[in-house]
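According to mature numbering (1 follows the signal peptide of the UniProt record, and there is no 0), the residues represented by the sequence shown are -20 to -1, 1 to 528, in order. A virtual CB, placed ideally from N, CA and C, is assigned to each residue, including glycine. Note sheet for the following structure.
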Amino acid sequence: MKNLLLALFSFLTLDTIATAQVSSESNKPKIVVGIVVDQMRQEYFYKFQERYTEGGFKRLMNEGFMMTNAHYNYIPTYTGPGHASVYTGTTPATHGIIANDWYVRSLGKTIYCAGDSTVSAVGGTEGNGKISPRNMKSTTISDELRFATNKRSKSVGVAIKDRGAALPAGHLGDAYWFDSKKGEFMTSTYYYEDLPAWVKAFNEKKLADEYLSGTWETLFPIDTYVQSIEDDNDFEGPFIGKDNTAFPYDLKALMEDNGEYGLISTTPFGNTMTLEMAYAAIEGEQLGKRGETDLLAISFSSPDYIGHRFGPSSVELEDNYLRLDRDLEKFFDFLDDEYGAGEYLVFLTADHAVADIVNYMQSENVPSGNFNTRFVLTQMRGFTSQMFGEGNWIANYSNEQVFINHDLAKEKGVKVEDVQMALADFLLGFEGVKEVYTAADMRRNEYTKGKSSLLQMGYNHKASGDLLLILEPAWLSSSFRGTTHGTGYTYDTHVPVVMMGWNVKSGKSARYTTITDIAPTLAIMLGTRLPNGASGQPILEIVNQKSY
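Shown next as structure tokens:
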């Protein structure tokens, strides 16, 4: 009898342990929060860290696992492709978002990455409402999370930029973006016929009015911003109505001539407002509180607007990151209180980084230059007419790509590849042009390293141009004030990749990682399918911390 009881006790104990193990292994985070900081260099984690709080960027560094050598693995490095690549786990060659805007040969016009003429505005203004993710050809991790639970999970995207909300939310999620005319968050009929009650309630707070009624002054005494160049200088782009780039900024006075409510996007208060919308989404949709893992995709658009206008060495940018750090500390504390520490999973990355201002680099004797695309386009048209016969041989030049007029080539009996080769050689004669590749090169060859490989990962057979240019380092197609991004150089590709929270131990690795590895990592951790176009690989340093 005693032996029988011992055997029964052993069986029950083993069964209990097995049940506990199954329960533990099936455990999922209550919510995944994806954070994309629009135009963030990896170096910003270190450059401003002396004045970061313990609970914002430092918490990510100390409690999260960071891949310190993470890069974009394609060209061009723009906002639309960046957000799509983070969430699809693949590059523009597959997901089809090859730029923010691109020329469509069959239409004879340019289209917008998140544009959709079949839908209309819900809230906001009609001109800002024709938005959906339909141009993205593959699924996202946010889609796959919903599929994995038969759509019981929710995916919500929030950003000032429409593309920063619509692409991460995927084809099955909900997206909300900011309308610069009315100063409210809106959506489109792709998602809803009417704004949810919680969005209406949020809009009634008129937060944009509140933030824009004051002044943007530095968080600390301006003479302590030692990581920035002189505040007022000739390299940055001043607001209309202000003849310098010096603090403070009277936002109420600047509104009328600087995009009305859209002015908030070029202030740190755009980040604060975006997070306020995120809080409202968590409460309004009861995210992470319904027994399924939900996903909230937050994109901070303001760093990009500030970076473009003032550059990465400006007081404005430094102040933005010091303020964003404090917003993140408040947000992470909220997540702790709402879900419990370790019960949620956060990842933070960027959609691209940024180049230094060309004129500033030249003032420091660094080789750099502005590429005059209008002049080069004129020269190309003259060259092709002289060589192949009169006509408009260049249909479009955009995103450092040249689109040849195929109909004209057919009419004149000229092979398109012959025009490509002739133009490639011609373009190499211009100062600032480093390399030129043809569409034939992209289709015929497989490149495995160098800038040609990055171009190929961004080259879409149906959508990309006939010629793809690579400019010299520190050369940009931009104005003489402010800066931009889009290249395959490290100043544009090197971005943060850090995860924190559920089943993530602290640490870091300098192994080369690509941005397309984020979605596959999440898929393994969450037990979902990989997005259907995924080409990245799980980050082993993170997924091997626990058996999934």
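Please classify residue i: is it buried, with 16 or more other beta-carbons within 10 angstroms of its beta-carbon, or exposed?
i, result
"G104", "buried"
"A181", "exposed"
"P148", "buried"
"R354", "exposed"
"I140", "buried"
"R306", "buried"
"K395", "exposed"
"A177", "exposed"
"F200", "exposed"
"Q381", "buried"
"I423", "Checking the sequence shown, residue 423 turns out to be Arg, not Ile. It counts as exposed."
"V102", "buried"
"V138", "buried"
"Y492", "exposed"
"D159", "buried"
"P511", "buried"
"T358", "exposed"
"T464", "buried"
"G487", "exposed"
"L(-15)", "Model confidence at L(-15) stands at a pLDDT of 41, short of 50, so the residue's coordinates are unreliable; what they give is reported in the following sentence. The residue is exposed, with fewer than 16 neighbouring Cβ atoms inside 10 Å."
"F460", "exposed"
"R143", "buried"
According to DSSP, residue i sits in a beta bridge with which residue or residues?
i, result
"Y156", "V138"
"F45", "M479, G487"
"T464", "Answer is none; T464 lacks a bridge partner."
"S279", "V16, A139"
"V326", "V13, M480"
"A514", "DSSP output for A514 lists no bridge partner at all."
"I111", "G95"
"T494", "H51"
"K89", "V84"
"V346", "Answer is none; V346 lacks a bridge partner."
"D223", "Note: D223 sits in no beta bridge, so no partner."
For residue i, report the span of its beta strand (DSSP E) as first-last.
i, result
"S168", "164 to 168"
"F383", "381 to 384"
"residue 532", "In this structure the chain extends from -20 to 528, so residue 532 is not present and cannot be described."
"V206", "Segment: none, V206 is in no beta strand (DSSP E) and carries neither H nor E."
"Y83", "81 to 84"
What first and last residue would you give for the alpha helix (DSSP H) that runs through residue i?
i, result
"L121", "With the sequence shown as reference, residue 121 is identified as Ile, and Leu is not the correct amino acid for it. It spans 121 to 128 - the alpha helix (DSSP H) in which I121 sits, taken as one unbroken run."
"residue 531", "No information on residue 531 is available, as it lies outside the stretch -20 to 528 that the chain covers here."
"I11", "Where I11 is concerned, there is no enclosing alpha helix (DSSP H), although the beta strand (DSSP E) it sits in stretches over 11 to 17."
"L502", "498 to 506"
"W286", "Contrary to the premise, residue 286 reads as Ile rather than Trp in this sequence. Start and end: 282 to 290."
"K27", "24 to 27"
"N339", "338 to 343"
"A64", "59 to 68"
"N96", "Looking at the sequence provided, one finds Asp at residue 96 rather than Asn. From DSSP, D96 is part of no alpha helix (DSSP H); its letter is neither H nor E."
"D472", "470 to 473"
"T74", "72 to 75"
Indicate the three-state DSSP secondary structure (helix, strand or coil) for residue i in the structure shown.
i, result
"T428", "coil"
"H332", "coil"
"N183", "helix"
"M401", "helix"
"I522", "helix"
"M253", "helix"
"A454", "coil"
"K414", "strand"
"L449", "strand"
"N376", "strand"
"T353", "helix"
"K392", "helix"
"K38", "helix"
"D387", "helix"
"D212", "coil"
"T195", "strand"
"S527", "coil"
Measure from the C-beta of residue i to each C-beta in chain D and report whether the shortest distance is under 8 Å.
i, result
"N130", "The structure shown contains no chain D; it holds only a single protein chain."
**OP:** Inspect the CB distances between the region 281 to 298 and the region 13 to 28 and report whether three or more fall short of 8 Å.
**Re:** Under the three-pair Cβ rule at 8 Å, the region 281 to 298 counts as touching the region 13 to 28.
**OP:** Would you be able to state if there are at least three C-beta pairs under 8 Å between the region 97 to 114 and the region 467 to 480?
**Re:** No contact exists between the region 467 to 480 and the region 97 to 114.
**OP:** Assess, as a yes-or-no matter, whether the region 437 to 457 is touched by the region 193 to 212 under the definition of 3 or more beta carbon pairs within less than 8 Å.
**Re:** Counting Cβ pairs under 8 Å, fewer than three are found: no touch.
Original post:
Within the chosen definition, does the region 40 to 50 reach the region 59 to 69 through at least 3 CB pairs nearer than 8 Å?
Top reply: Segments in contact, no.
Original post:
Can you find at least 3 beta carbon pairs, one from the region 6 to 22 and one from the region 476 to 488, that sit closer than 8 Å?
Top reply: Contact between the region 6 to 22 and the region 476 to 488 is present, because at least three Cβ pairs lie under 8 Å.
Original post:
Within the chosen definition, does the region 126 to 134 reach the region 150 to 157 through at least 3 CB pairs nearer than 8 Å?
Top reply: With the rule of 3 Cβ pairs closer than 8 Å, the region 126 to 134 counts as touching the region 150 to 157.
Original post:
Can at least three beta-carbon pairs, one atom from the region 367 to 377 and one from the region 241 to 254, be found at a separation below 8 Å?
Top reply: They do not touch, by the three-pair rule.
**OP:** Decide yes or no for the touch test of the region 437 to 449 against the region 396 to 407: beta carbon pairs closer than 8 Å, at least 3 of them.
**Re:** At 8 Å Cβ cutoff, the stretches touch.
Original post:
Does the region 230 to 241 come close enough to the region 188 to 195 that 3 or more CB-CB pairs lie under 8 Å?
Top reply: Because the criterion of three Cβ pairs below 8 Å is met, the region 188 to 195 and the region 230 to 241 touch.
**OP:** Evaluate the contact criterion for the region 327 to 343 versus the region 214 to 223: three or more CB pairs, one atom per stretch, below 8 Å.
**Re:** A contact exists between the region 327 to 343 and the region 214 to 223.
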